[in-house]
Structures are given as structure tokens and as C-alpha cells.
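*Asks:*
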Amino acid sequence: MNAVAEFPLLWPWAVWAAAIVVALLVDLCWGEPPARWHPVVGMGRYLSFMGRRIAPLADAHAAPSARAFVPGAVAWCLGAACVVALAAVLVGAMATWTWWLQALVLGVLLKPLLAWRMLRDEVRAVETALGESLAAGRERLAMLVSRDVSALDAAQVRESAIESLAENLNDSVVAPLFWFAIAGLPGAALYRFANTADAMWGYRGERGGRDWTWAGKWAARADDVLSWLPARLTGALLGLLGAARGLGTLPAQARRTPSPNSGWPMAAMALALDVRLGKPGVYELHGAGRCPQAADTTQALRLAGRVVALLGLAALLGAALAWRSTP
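Following our numbering, the numbering of the sequence shown begins with 1 at its first residue and continues without gaps.
1) Compare the Cα-Cα distances from Gly289 to each of Arg276, Ala75, Ala243 and report the closest residue.
2) Let me know the secondary structure DSSP gives Tyr203 once reduced to three states.
3) Which one of Arg53, Ala80, Gly79, Leu78 has the shortest CA to CA distance from Arg360?
4) Helix, strand or coil, according to DSSP, for Leu57 in the structure here?
5) One question on the structure: do Val157 and Val126 come within less than 8 Å of each other, judged by their Cβ atoms?
6) Figure out for me which residue from Arg210, Ala166, Val108, Asp198 has the closest Cα to the Cα of Ala80.
7) Could you give the first and the last residue of the continuous alpha helix (DSSP H) run that contains Lys217?
8) Please list the segments of the alpha helix (DSSP H) lying wholly inside the stretch 175-203, counting only runs of 4 or more residues, in order along the chain.
9) Please confirm whether Gly263 and Ala254 have their CB atoms less than 8 Å apart.
10) Between the alpha carbons of Phe49 and Phe69, how many angstroms are there, rounded?
11) Among Leu47, Ala272, Ala35, which residue has its Cα nearest to the Cα of Leu303?
12) Answer with buried or exposed for Lys217, where buried requires no fewer than 16 other C-beta atoms within 10 angstroms of its C-beta.
13) Would Leu110 and Leu185 qualify as a contact pair, given that the criterion is a beta-carbon distance under 8 Å?
14) Counting pairs of beta carbons, one from the stretch 129-138 and one from the stretch 149-163, are three or more of them closer than 8 Å?
15) In this structure, how does DSSP classify Ala3 when only helix, strand and coil are distinguished?
16) Suppose contacts are defined by Cβ-Cβ distances below 8 Å. Is Ala195 in contact with Asp171 by that definition?
17) Can you give the Cα-Cα distance for Asp274 and Val123, rounded to whole angstroms?
18) Assuming Leu311 contacts Leu229 under a Cβ cut-off of 8 Å, what Cβ separation, rounded to an integer in Å, is found between them?
19) Give the straight-line distance between the Cα atoms of Ala166 and Gly239, rounded to the nearest whole angstrom.
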């Protein structure tokens, strides 16, 4: 009996739900695959190669050229099309497989597109390093964030780590699973490509000796669009599971950040922990909160873990209900 017959009406969502459970279990048990097999590493290589060709060299005496916008958009669309096409081919090759084999292989393919264990371990490592010395904490934080960490004090290092945890909980877990639930493996792959492109191209002004003002604008806007709903979902989950006080102020708090999306999970985390988070001279979230301590990093990790566990439980229940619906 084929997979469609085994799951009438509910297929392919039943298989996708089971695949999410598999992906989360693989992530929890084994973490990231080797770099040579990691699809996100491949995306990064493509983006790095194309980036050197679409972004002009930075010139302090010249105004940013809008002519770089079209090459940036074309390069993004070409990469996205290849990623989606490859994912679709892989899914199509499994069309006649039994449901459990589809779920198993889909879960293994989905896993590299999300990264909860690595995120958790990196944030924990920042706190451990900070316990040794401020210099060690800054050095470890620099592996997690793109901002300049050289002038951060201990409290700001901790704030940055907690912010990164909240923001990347969306980027690395909730959003990939959201798009997988909507559009299967091609949807998750498209999101991961868009998010990686934004991380590498989505800058205003100079970075790495090149001007990304226009070359990276399409990548930045595409990520904004694809992250819009997942970021708000992540914020809601953090706020509700963390029993955040003043959750009604979340929309106003979230709008304080330059990004239309990252403020939602970060502000929700600040409210749930009752701590102040921010980037000096740029924004402040929950200014009435206290300065975060080491225990708050632990609590933030627990709260993020509860969000991941809830998503896994929801997928498990979805797969179980679909199984019970099988005639």
C-alpha cells in the first residue's frame, strides 16, 4: 500500500509531522553533520562566490550605486531556484516509498536546515567563558554574533548572548519548521537559503571591503518577508510559555529594533525573564527590567528549550492523530 492510501486526506502532512519529530531527535542526539555534507555550508559557498561578483568594492568617496540591486536580486533568485529545485527532486524521488521511510529520510534531510542543539551549546559556552573572564566571554560571543564585542562589559556580553538565543530560536528552529509545515522540504530549504543570504549580504553600507547597500537589499527584504509570521509566532510562544508579564506591550517593544522581525522574539524573551536587553545606542527592550545575571542565561535556555519541545510534541501528536485516522 502506498503512502497516499495509508494517509487519505491528511497526507502529506502526516509524513511531514513525523519527519519533524525525526529531525528534532537527530538534532538532539547528533547535532550538525560534517561541513562537507552540510547544505547550509554549500549555500554559504555559493553566496560567497556570487557576493564577490555582485557587490562593488567600497569607496568612501562614491555614493552607493543602485545598479548593484538587479545583480543581487538575480543571484539570489538563481540560488533560491536551485535550492528549491533540488529539494523538490529529492522529495519526488521518495513519492512511491512507504510512509515511514519517507518520514525517516525527510527528517534526516530536514535536520541540517535547523540547528537547536548548536545554538543552545553556543549560548551556554558564552556564559561558561564569561565565568572565566570578560575577555574569554567576548571571544566566545564573537563566534555567535556579528556585532563588535571589543567594548562590551560583562552585562552586555550576557545581554547579547540572550538576544542571539531569542533571535536565532526563530531563524534556526521555528521558521524552518514553519515553512516545512507549509511547503515541505522545498519550503524549509528556501527559508534557510534566504536567511543565510541575509546573514551574508543583508548589510547597509560596507562590510568585508564591499558595499552591500544595494547588492544585498533584495536578500534583506526577502528574509524580512519570509520571517514575518514565524518571528511573531516565536515571540508569542516565548511570551506564553515564559508567563511574561506585560505581554500586551510586546508589539510596542518589538518595534524598537531596526529589524521588523527580530524584535519580537527578543522583546518576548526580555519580558519573560524580566530583564533589560539592548544594543548600546541603537535600541533598548524592557528598559524597566533588571540587568541579566548568569541565572537568566540558564532560564533563557530552558525557556527556548520548552518552545522546541512544544513544537516537537505538536508534531508528534499530529502524526499520531493521522495514524489513528488510517482506515
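All C-beta atoms, glycine included, are put in the ideal place defined by N, C-alpha and C.
*Replies:* Taking the structure as given:
1) Here the question's residue 289 lines up with position 289 in the sequence shown. Comparing Cα positions, the closest option is Arg276.
2) Numbered from 1 along the sequence shown, position 203 holds the residue referred to as residue 203. Tyr203: coil per DSSP, three-state reduction.
3) Outside the shown range of the chain, which is 1 to 327, sits residue 360, and nothing can be said about it.
4) Mapped onto the sequence shown, residue 57 falls at position 57. Residue state, collapsed to three classes: strand.
5) On the sequence shown, residue 157 is found 157 positions in, with the first residue counted as 1. On the sequence shown, residue 126 is found 126 positions in, with the first residue counted as 1. Yes, the pair counts as a contact, with Cβ atoms nearer than the cut-off.
6) To locate residue 80, count along the sequence shown from 1; it is residue 80. Among Arg210, Ala166, Val108, Asp198, the Cα nearest to that of Ala80 is on Asp198.
7) The residue given as residue 217 occupies position 217 in the sequence shown. Its alpha helix (DSSP H) spans residues 217-241.
8) 175-201
9) For the purposes of this step, residue 263 is taken as the residue at position 263 of the sequence shown. For the purposes of this step, residue 254 is taken as the residue at position 254 of the sequence shown. Contact: yes.
10) Counting from one through the sequence shown, the residue named residue 49 turns up at place 49. Counting from one through the sequence shown, the residue named residue 69 turns up at place 69. Between Phe49 and Phe69, the C-alpha separation is close to 17 Å.
11) Counting from one through the sequence shown, the residue named residue 303 turns up at place 303. The shortest C-alpha separation from Leu303 is found at Ala272.
12) On the sequence shown, residue 217 is found 217 positions in, with the first residue counted as 1. Per the 10 Å Cβ criterion, buried.
13) Counted from its first residue, the sequence shown places residue 110 at position 110. Counted from its first residue, the sequence shown places residue 185 at position 185. The answer is yes: Cβ separation under 8 Å.
14) yes
15) One-based indexing of the sequence shown puts residue 3 at position 3. Confidence at Ala3 is low in this model, with a pLDDT of 46, below 50, so its placement is unreliable and the value that follows should be read with caution. Note: Ala3 maps to helix in three-state DSSP.
16) In the sequence shown, counting from the first residue as 1, residue 195 sits at position 195. In the sequence shown, counting from the first residue as 1, residue 171 sits at position 171. Ala is not the amino acid found at residue 195; the sequence shown has Asn there. The answer is yes: Cβ separation under 8 Å.
17) Taking the sequence shown and counting its residues from 1, one reaches residue 274 at position 274. Taking the sequence shown and counting its residues from 1, one reaches residue 123 at position 123. Using only the alpha carbons, I get a separation of about 19 Å.
18) Taking the first residue of the sequence shown as position 1, residue 311 is located at position 311. Taking the first residue of the sequence shown as position 1, residue 229 is located at position 229. About 15 Å separates the two Cβ atoms, so there is no contact after all.
19) Position 166 of the sequence shown, counted from the start, is the residue given in the question as residue 166. Position 239 of the sequence shown, counted from the start, is the residue given in the question as residue 239. Whole-angstrom Cα-Cα distance: 11 Å.
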